[in-house]
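S.K.: Can you read through this structure? Questions will come right after.
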Amino acid sequence: MSAPDSFSRTQITLHWIIAVLVIFQLVLHEGMEDAWEIREDGGTVSLINPHVVVGTLVLVLAIWRLGLRLTRGVPPAPSSEPAPLRLLAAGTHWAFYALLFIMPFSGMALWFLEAEAAGEVHKTARLVLIALIFLHLAGALAQHFWFKTDVLKRMLGRA
Ligand code: HEM
Ligand code: HEM
Numbered sequence: 231m232s233a234p235d236s237f238s239r240t241q242i243t244l245h246w247i248i249a250v251l252v253i254f255q256l257v258l259h260e261g262m263e264d265a266w267e268i269r270e271d272g273g274t275v276s277l278i279n280p281h282v283v284v285g286t287l288v289l290v291l292a293i294w295r296l297g298l299r300l301t302r303g304v305p306p307a308p309s310s311e312p313a314p315l316r317l318l319a320a321g322t323h324w325a326f327y328a329l330l331f332i333m334p335f336s337g338m339a340l341w342f343l344e345a346e347a348a349g350e351v352h353k354t355a356r357l358v359l360i361a362l363i364f365l366h367l368a369g370a371l372a373q374h375f376w377f378k379t380d381v382l383k384r385m386l387g388r389a
C-alpha cells in the first residue's frame, strides 16, 4: 500500500469528532461517577446515560478510523522531521488507538459487569490519555510554528 499525500475528508472529520467526544468524556464525567456511587450503594439507575452513549460512540468511530488507517493509510511524516520526533509522533498515534479501545472497554466492564479491576484500568488509562493529548497538542503546534511544516494544515483539510 503506497501512502496517500493527504488525509481523506472522512479521516479528518473522524479525527475532530473523536477529539471533541474524548474531551467531553474527560471533562464531564461527574454524572457518571454519581451514578456509579448510587449503584455501589445498592441503588438503581438507568444503565444508559450520556457517558455510556458518547463513550460507546468513541469506540465505534475509532474502529472506523483505524480501519481507514489500515486500508487507505495516512500521509508520511515530513522528511524534514528529525527521526526521534517522528518515532515519538508514531508512538503517540498508536498509543491513542490503544486508549480509544481501552477506555470504552474498561468502562463497559466496570459498568455492565461490575469488574472492579476494570475500574482501576479506566482511572489509570485516563491519566495516560490526558498526558498524551498535551504531548500531541504540543507536537501539532511545534510542527506548525517551529518546524513550519503542513502537518497541522493537513489535519485541518487546508494543505
Ligand atoms: C473514550 C471513552 C471514555 C472516556 C475518555 C472516559 C472517561 C472517564 C473519566 C475521565 C472518568 C472519571 C474517572 C475518575 O475521575 O477517576 C470516568 C468514569 C467512569 N466511566 Fe468512563 N470514559 C469513557 C467511556 C466509558 C464507557 C463506554 C463506560 C461504560 C459503558 C464508562 C464507564 C464509566 C464509569 C462506570 C465511571 C465511574 C467510575 C468511578 O467513579 O469509579 N466510561 N470515565
Ligand atoms: C483529544 C483527542 C485526540 C486524539 C485521540 C487524537 C488522535 C490522533 C491520531 C490517532 C492521529 C494519527 C493520524 C491517524 O491515524 O489518522 C492524529 C493526528 C493528528 N492530530 Fe490528533 N488527536 C486528538 C486531538 C488533537 C488536537 C486537539 C489537535 C490540535 C492541534 C490535533 C492535531 C493533529 C494533527 C495535526 C495530526 C496529523 C499528524 C500527521 O499528519 O502526522 N489532534 N491525532
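All letters in the sequence shown, in the order written, are residues 231 to 389 by the working numbering. Yeah, the Cβ is synthetic: ideal placement off N, Cα and C, and Gly gets one too.
1. Whose CB is closer than 7 Å to a heavy atom of ligand 2? List the residues in chain order.
2. Tell me the residue span of the alpha helix (DSSP H) that contains I363.
3. Measuring from the CB of P334, is there a heavy atom of ligand 1 at a distance below 7 Å?
4. For a test of the three-state rule: what should DSSP assign to D235, helix, strand or coil?
5. Leaving aside the five residues before and after S232 along the sequence, list all residues of the same chain whose C-beta is less than 8 Å from its C-beta, in chain order.
6. Considering only heavy atoms of ligand 1, does any lie closer than 7 Å to the CB of W266?
7. Rounded to a whole number of angstroms, what is the C-alpha to C-alpha distance between R295 and T322?
8. Any chance the CB of E311 is under 7 Å from a heavy atom of ligand 1?
9. Straight-line CA distance for P334 to V252?
M.R.: Well, looking at it:
1. In chain order, the residues with a C-beta atom nearer than 7 Å to some heavy atom of ligand 2 are F237, Q241, H245, I248, A249, V252, I253, R295, R299, V304, P305, A307, A319, H323, F326, Y327, L330, I363, H366, L367, A370, L371, Q373, V381, L382, R384 and M385.
2. Along the sequence shown, one-based indexing puts residue 363 at 133. Looking at the DSSP string, the run of the alpha helix (DSSP H) that includes I363 is E346 to L371.
3. Here residue 334 is taken as the residue at index 104 of the sequence shown, counted from 1. Yes, since a heavy atom of ligand 1 falls inside the 7 Å radius drawn around the Cβ of P334.
4. Locating residue 235 in the sequence shown gives position 5, counting from the first residue. Under the three-state reduction of DSSP, D235 is assigned to coil, being neither helix nor strand.
5. The count along the sequence shown starts at 1 and reaches residue 232 at position 2. Cβ neighbours of S232 beyond the five flanking positions: G303.
6. As a position in the sequence shown, residue 266 is number 36, starting the count at 1. W266: yes, Cβ under 7 Å from ligand 1.
7. The residue given as residue 295 occupies position 65 in the sequence shown. The residue given as residue 322 occupies position 92 in the sequence shown. Roughly 16 Å separates the two Cα atoms.
8. The count along the sequence shown starts at 1 and reaches residue 311 at position 81. Incorrect: E311 has no Cβ contact closer than 7 Å to ligand 1.
9. Within the sequence shown, residue 334 is the residue found at index 104, counting from 1. Within the sequence shown, residue 252 is the residue found at index 22, counting from 1. When rounded, the distance between both Cα atoms is 10 Å.
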